[in-house]
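Number of protein chains: 2
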Amino acid sequence: MEKYSIGIDIGGTNTDFGLVDKGGNIIEILSLSTKDYFDYEIYLNEVTKNIIYLIEKSPNKDLIQGIGIGAPNGNYYNGTIEHAPNLNFKGIIPVKEYIENRLSEKGFPLKVTLTNDANAAAIGEMIYGGAKNVKNFLMITLGTGVGSGVVVDGKIVYGHDGFAGEVGHTIVQPVGRLCGCGRKGCVETYSSVTGIKKTALELIRETCTNSILRTLPEEEIGGKTIYQAGMQGDELAIKCFDITAKMLAIGMANAVAITSPEKIFLFGGLTKSGDLLMTPLKKYFEESLFVVFKNKIELKLSDLDENNAAILGAAALPF
Amino acid sequence: MEKYSIGIDIGGTNTDFGLVDKGGNIIEILSLSTKDYFDYEIYLNEVTKNIIYLIEKSPNKDLIQGIGIGAPNGNYYNGTIEHAPNLNFKGIIPVKEYIENRLSEKGFPLKVTLTNDANAAAIGEMIYGGAKNVKNFLMITLGTGVGSGVVVDGKIVYGHDGFAGEVGHTIVQPVGRLCGCGRKGCVETYSSVTGIKKTALELIRETCTNSILRTLPEEEIGGKTIYQAGMQGDELAIKCFDITAKMLAIGMANAVAITSPEKIFLFGGLTKSGDLLMTPLKKYFEESLFVVFKNKIELKLSDLDENNAAILGAAALPF
């Protein structure tokens with residue numbers, strides 16, 4: 109009998125749900141706008157409703173093994189989201205406990221497993237993607253923030269308190285730009301979708317470089333318009349990708365020095381920029397590597413479909 | 109029956125040998141001057157002679173479990189020393205293979221296990237020191253260079269090619285000082301014994317800060333004289349420790365973001381400076397930590413006697 113699970117990807121913008129079979133086929137998908145919620149209880153009630161909708165859509169409710177959730181600042185050990193800078197919900201959110209209780213009340217006593225969203229993507233890559241036979245790798249997700257999953261000897265590194273794998277919050281420019289986390293110079297404040305927007309606004313304000321981006325209202329400047337400008341050879345847009353790549357390269361090279369991966373998989377919105385990002389990234393990455401790692405580590409785009417990887421990774425947690 | 113092993117600490121100056129029992133008692137110690145040898149075969153023959161001497165000194169030859177070696181740039185997977193900048197032997201030295209063959213020829217078919225010297229210190233801390241029940245920790249060694257051993261779930265992280273754990277060669281100041289490795293702004297170029305000397309010379313050259321260090325010839329400025337000046341309240345010397353601490357703190361905070369340890373153990377020459385280093389280090393470390401790790405991670409000086417830690421760590425490898 110085919111077994112099922114429900115995978116949930118909580119992002120700053122959307123929360124995506126998938127009913128998934130053990131083979132990695134997504135049977136049904138749902139989505140919810142995370143950013144519209146400011147009270148975590150109202151949000152988690154809505155999440156629970158979506159879960160129940162999918163349970164009832166499944167061919168056999170009794171074959172659902174559990175719920176897997178990938179979330180920013182998700183803590184695997186506690187089942188909580190803690191101090192996520194890109195969510196409206198501040199402090200420590202008891203996601204696992206809250207949803208398990210609501211589901212139980214509704215007659216579905218299913219277990220919820222939660223992990224960091226990038227860890228979920230790494231698990232997805234390991235089970236369904238390009239990391240099937242790779243024992244040591246990094247998964248870097250370039251979305252609203254910069255997430256990462258660190259895999260050593262075939263296992264996600266959770267560390268002492270479940271928060272390992274925050275390459276996005278390693279400091280690469282101590283006298284640099286303020287990050288949403290309150291410190292200066294984190295990878296995330298440069299190399300995320302929000303980071304590249306900050307870079308564009310800074311370059312518009314502080315340089316004379318000609319750019320079609322100058323003709324846009326500030327709220328229209330973002331990953332997509334910077335990409336479009338870059339594709340037309342816009343100097344300022346290309347400079348944005350250069351800075352994004354340089355900071356990410358240092359963060360990745362530092363993570364390599366600590367964990368010595370075989371490959372690094374890149375995933376998420378910014379990777380759609382293709383060579384605009386990847387060409388300077390590969391150059392700066394090699395430059396930034398400690399000598400024993402040079403020309404050894406493969407940078408790859410994720411094999412997984414972006415929309416589904418996080419759901420698949422999360423769905424793999426209960427199996 | 110008590111079991112034994114032979115631990116060897118290969119350093120640029122000396123090679124120290126210890127016959128050790130499983131309880132961590134050193135039965136007999138030997139030493140060899142590494143720096144007097146320029147041919148690795150002659151050197152390794154001498155090392156083998158010392159091993160055989162210790163085997164014959166042991167209460168029962170059959171109870172010797174093996175030989176453990178900690179060495180700079182030691183590769184655990186290959187049993188080699190690779191491109192160690194502080195040794196006379198250049199290139200890739202097949203230490204394990206060579207010694208095992210010589211021992212076999214002499215009728216002692218013992219297994220040799222080799223690892224990076226900082227990993228050996230981490231293992232020593234885990235088995236005989238303050239990390240006995242600690243599953244996730246970092247060992248940072250502050251000597252001529254900055255070494256580190258990363259322990260996740262009770263195991264040393266070797267990574268794909270055996271070179272994981274190079275916190276000393278993570279970049280914390282991309283526009284900073286040149287490092288011996290050829291890149292800029294590594295932790296090691298600031299926070300090692302050679303790093304603090306570079307800082308002192310820079311401050312002497314580039315600032316007007318009064319200092320008793322200005323009265324010393326350049327070759328006398330080093331870890332010891334900077335420490336002595338600092339203990340007398342010398343402003344420039346205190347500034348040296350401040351910079352050393354700040355750069356190390358960022359490197360450690362970045363390693364924390366990636367591996368989420370419970371504790372960090374510090375070890376080696378610079379730690380003898382006590383509060384001159386530890387007070388600013390603790391301050392900058394907390395400042396540099398990503399919010400989820402703040403006030404959680406204990407910084408500790410190693411429990412092990414500095415002279416024996418490397419031998420004990422190496423000796424623990426065969427057990």
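Top line first, the protein sequences correspond to chains A and B. Under our numbering, the first residue of the first sequence is numbered 109, with each subsequent residue one higher. Under our numbering, the first residue of the second sequence is numbered 109, with each subsequent residue one higher. The C-beta atom is built at its ideal place from N, Cα and C for all residues, glycine as well.
Partners in chain A for residue i, counting only beta-carbon separations shorter than 8 Å
i, result
"ILE358 of chain B", "ILE279 and PRO282"
"PHE401 of chain B", "ASP269 and PHE271"
"GLU190 of chain B", "VAL400"
"VAL275 of chain B", "ALA365 and ILE366"
Nearest-angstrom beta carbon gap, residue j and residue i [assumed within contact, 8 Å]
i, j, result
"GLY251 of chain A", "VAL283 of chain A", "Wrong, their Cβ atoms sit about 26 Å apart, outside the cutoff."
"PRO369 of chain A", "HIS268 of chain B", "6 Å"
"ARG285 of chain A", "THR297 of chain A", "5 Å"
"ASN168 of chain B", "SER141 of chain B", "Contact doesn't hold; Cβ gap of about 30 Å is too wide."
"THR223 of chain A", "TYR184 of chain A", "5 Å"
"PHE271 of chain B", "VAL400 of chain A", "5 Å"
"VAL265 of chain A", "ASN244 of chain A", "With a Cβ gap of about 10 Å, VAL265 of chain A and ASN244 of chain A do not count as contacting."
"GLY115 of chain A", "ILE231 of chain A", "No, GLY115 of chain A and ILE231 of chain A are not in contact; Cβ-Cβ is about 10 Å, not under 8 Å."
"ALA417 of chain B", "VAL128 of chain B", "Incorrect: roughly 12 Å between the Cβ atoms, too far for contact."
"ASN194 of chain B", "GLY120 of chain B", "4 Å"
Host beta strand (DSSP E) of residue i (start-end)
i, result
"ASP117 of chain B", "112-118"
"LEU378 of chain A", "Counting along the chain, LEU378 of chain A falls outside any beta strand (DSSP E), and DSSP gives it neither H nor E."
"ASN224 of chain B", "220-224"
"GLU370 of chain A", "Careful: GLU370 of chain A lies outside any beta strand (DSSP E) and carries neither H nor E."
"GLU190 of chain B", "188-190"
"ILE175 of chain B", "172-179"
6 Å Cβ shell around residue i - same chain, five flanking residues per side excluded
i, result
"ALA345 of chain A", "ILE334, ALA337 and GLY338"
"THR249 of chain A", "ALA226, ALA229, GLY255, PHE375 and GLY376"
"ILE118 of chain B", "ALA179"
"GLY131 of chain B", "none"
"ILE320 of chain B", "ALA337 and ASP342"
"ASP350 of chain A", "PRO388"
"VAL242 of chain A", "GLU370 and LYS371"
"VAL220 of chain B", "ILE175, LYS204, ILE207 and GLU208"
"PRO202 of chain A", "THR188"
Range covered by the alpha helix (DSSP H) that runs through residue i
i, result
"ASP129 of chain B", "Unbroken run through ASP129 of chain B is the beta strand (DSSP E), 122-129; no alpha helix (DSSP H)."
"THR367 of chain B", "343-367"
"ILE150 of chain B", "148-165"
"GLY132 of chain B", "Unbroken run through GLY132 of chain B: none, as it is neither H nor E."
"ARG313 of chain A", "301-314"
"ILE334 of chain A", "331-339"
Within chain B, partners of residue i - CB distance below 8 Å
i, result
"TYR432 of chain A", "An answer regarding residue 432 of chain A cannot be provided, because it is not within the stretch 109 to 427 covered by chain A."
"CYS289 of chain A", "PHE398 and VAL399"
"ASN186 of chain A", "Residues of chain B passing the Cβ test: none, with the nearest at roughly 11 Å."
Cβ-based neighbour list, residue i, same chain, cut-off 7 Å, excluding 5 preceding and 5 following
i, result
"ALA353 of chain B", "LEU385, PRO388, LEU389 and TYR392"
"MET355 of chain B", "VAL280, GLN281, VAL295, TYR298 and SER299"
"VAL438 of chain A", "Given a span of 109 to 427 for chain A in the structure shown, any question on residue 438 of chain A remains unanswerable."
"GLY182 of chain B", "ILE189, LEU222, THR223, ASN224 and ASP225"
"ILE329 of chain B", "LYS305, ALA308, LEU309 and LEU321"
"ALA192 of chain A", "PRO180 and ASN181"
"ASN196 of chain B", "LYS143, TYR145 and PHE146"
Neighbouring residues, chain B, relative to residue i (Cβ below 9 Å)
i, result
"LYS347 of chain A", "None at all; the shortest Cβ gap to chain B is about 17 Å."
"LYS404 of chain A", "HIS268 and ASP269"
Contacts that residue i makes with chain B (C-beta to C-beta distance below 7 Å)
i, result
"ASN244 of chain A", "GLY267 and HIS268"
"VAL258 of chain A", "ILE366"
"ALA424 of chain A", "Neighbours of ALA424 of chain A on chain B: none; closest Cβ ~20 Å, over 7 Å."
"ASN416 of chain A", "Here the premise fails: no neighbours, minimum Cβ distance about 27 Å."
"ASN181 of chain A", "VAL400"
Sequence-distant residues of its chain with Cβ nearer than 8 Å to residue i (five each side left out)
i, result
"SER139 of chain A", "ASN122, THR123, ASP124 and PHE125"
"LYS408 of chain A", "GLY238, LYS371, ILE372, PHE373 and LEU374"
"LEU171 of chain A", "MET109, GLU110, LYS111 and TYR112"
"LEU378 of chain A", "LEU250, GLY251, SER299, SER300, VAL301, ILE304, GLY331, THR352 and LEU385"
"GLU395 of chain B", "ALA357"
Residue i: contacting residues in chain A (beta-carbon distance under 7 Å)
i, result
"ASN227 of chain B", "Correct list: empty, because the minimum Cβ distance to chain A is about 12 Å."
"ALA363 of chain B", "ILE366"
Partners in chain A for residue i, counting only beta-carbon separations shorter than 9 Å
i, result
"GLU310 of chain B", "Residues of chain A passing the Cβ test: none, with the nearest at roughly 17 Å."
Cutoff 8 Å: residue i Cβ touching any chain D Cβ
i, result
"ASN196 of chain A", "Going by chain labels, chain D is absent from the structure shown, which instead holds the protein chains A and B."
Discussion item. As an exercise, report each continuous alpha helix (DSSP H) stretch of at least 4 residues that is fully enclosed by the stretch 211-259 of chain B, in chain order.
Written reply: Fully enclosed alpha helix (DSSP H) runs of 4 or longer: 225-236.
Fill in: 3 or more residues per run - each beta strand (DSSP E) lying fully within the stretch 377-422 of chain B
As far as the stretch 377-422 of chain B is concerned, its whole beta strand (DSSP E) runs of at least 3 residues are 406-409.
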